[in-house]
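Participant:
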Amino acid sequence: FHGLILLGVSFATITLKQRPYFIDLIKVILISIVGVGIIFLINKMLGAGANFWYLQNRVEQDTLLNFLPDPPFHIFILIPTGILIMALIYMPFFISDYLNRHKLR
Numbered sequence: 544f545h546g547l548i549l550l551g552v553s554f555a556t557i558t559l560k561q562r563p564y565f566i567d568l569i570k571v572i573l574i575s576i577v578g579v580g581i582i583f584l585i586n587k588m589l590g591a592g593a594n595f596w597y598l599q600n601r602v603e604q605d606t607l608l609n610f611l612p613d614p615p616f617h618i619f620i621l622i623p624t625g626i627l628i629m630a631l632i633y634m635p636f637f638i639s640d641y642l643n644r645h646k647l648r
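All the letters of the sequence shown, read from the start, carry residue numbers 544 to 648 under my numbering.
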């Protein structure tokens, strides 16, 4: 199902000529960090059985998360990793904007 998210975003970007801007990247990062904090508190209030966003316990299957510290400390690695991935995805738009501003095309 995660592939459908990428397909939908790619569709909007290419065919509908929608694109992200730098401020959108900053907003997504801030919303995500606030969201992690809120979900962590909800998990704590709901008790031991709650594990939304896998902030309390590891998933039962083997995943890449097994190589990270125990939850919730894995977030300190996942947040910078997520920011790096978002920055890499935004990079072509950044380069295009830079070239258009400086008329290097």
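Each residue gets a CB set at the ideal place from its N, CA and C atoms; glycine is no exception. Keep in mind it's a predicted model, so treat the numbers as computed, not measured.
Considering only residues of the same chain and omitting the five flanking positions on each side of Ile626, which have a CB-CB separation below 7 Å?
Facilitator: Translated into positions along the sequence shown, residue 626 becomes position 83. The residues are Ile572.
Participant: Would you call the stretch 612–630 and the stretch 583–599 in contact, with 3 or more CB pairs under 8 Å?
Facilitator: yes
Participant: Does Pro635 come out as helix, strand or coil in the three-state DSSP assignment?
Facilitator: Position 92 of the sequence shown, counted from the first residue, corresponds to residue 635. The answer is helix: DSSP assigns Pro635 an H, G or I state.
Participant: For Asn609, I'd like the list of residues in its chain whose CB is within less than 8 Å of its CB, leaving aside the five on either flank, ordered along the chain.
Facilitator: Mapped onto the sequence shown, residue 609 falls at position 66. Arg601, listed in sequence order.
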